[in-house]
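Please read the structure below before turning to the comments.
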Amino acid sequence: MAKDKLSLATLGQGAAVEQFDIALGRALENILDVNTDGKAKRKVTLEVTLKPNADRNMANVSYQVKSKLANDEAIDTTFMFGKDGKGKVNAMELFSGQMPGQGLLPGVDPVTGEVLGEQEEDGTVINFNRKEGTNND
1 MAKDKLSLAT LGQGAAVEQF DIALGRALEN ILDVNTDGKA KRKVTLEVTL KPNADRNMAN
61 VSYQVKSKLA NDEAIDTTFM FGKDGKGKVN AMELFSGQMP GQGLLPGVDP VTGEVLGEQE
121 EDGTVINFNR KEGTNND
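Structure, rendered in structure tokens:
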């Protein structure tokens, strides 16, 4: 028999306490995560199972640390999508404060708003609806 008294601190040569401490740390991190429900309960459990032999002089022991953390909260967003002139599907996320259609102009960088490609030399507004090869303004 071992000289040290059997305890939680000695279970698995200290591994049970170490696993519990890690799970507890994860639970605390989860509480501080702004993407989770701040009021949800978190649970950390150390389960110890003892299965004695028929003579009751030995037992197989297993332990497991289980945790129940708060899930990330759902985040709603809106996608706008359609097909371009070549039939290819294009999609874009509609950001807060953005009006439908903004940032979707062909030839315009949706992040910076910079007009890409050639611009009219006389400074007039570019008609993005004009078909190439026509003079429909």
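Quick note: the sequence shown uses the UniProt record's numbering, first residue 1, plus one each step.
Glycine included, every Cβ here is placed at the ideal spot set by N, Cα and C.
Reduced DSSP category for residue i - H, G, I as helix; E, B as strand; rest coil
i            : result
aspartate 72 : strand
valine 61    : strand
glycine 12   : helix
glycine 35   : For the sequence presented, residue 35 should be read as asparagine rather than glycine. Looking at asparagine 35 - three-state DSSP - the assignment turns out to be coil, as it is neither helix nor strand.
leucine 6    : coil
alanine 40   : coil
Between the CA atoms of residue j and residue i - distance to the nearest angstrom
i            : j            : result
leucine 32   : arginine 42  : 12 Å
arginine 26  : glutamine 19 : 11 Å
glutamate 29 : leucine 11   : 26 Å
leucine 94   : valine 44    : 39 Å
lysine 5     : glutamine 13 : 12 Å
lysine 68    : alanine 40   : 10 Å
Short Cβ contact (8 Å threshold) for residue i with residue j
i                : j             : result
aspartate 37     : alanine 70    : yes
alanine 16       : leucine 46    : yes
lysine 51        : asparagine 57 : no
asparagine 35    : aspartate 76  : no
phenylalanine 81 : asparagine 90 : yes
Cβ distance (whole Å) where residue i is taken to contact residue j below 8 Å
i         : j         : result
valine 65 : alanine 9 : Not confirmed; about 15 Å, so no contact.
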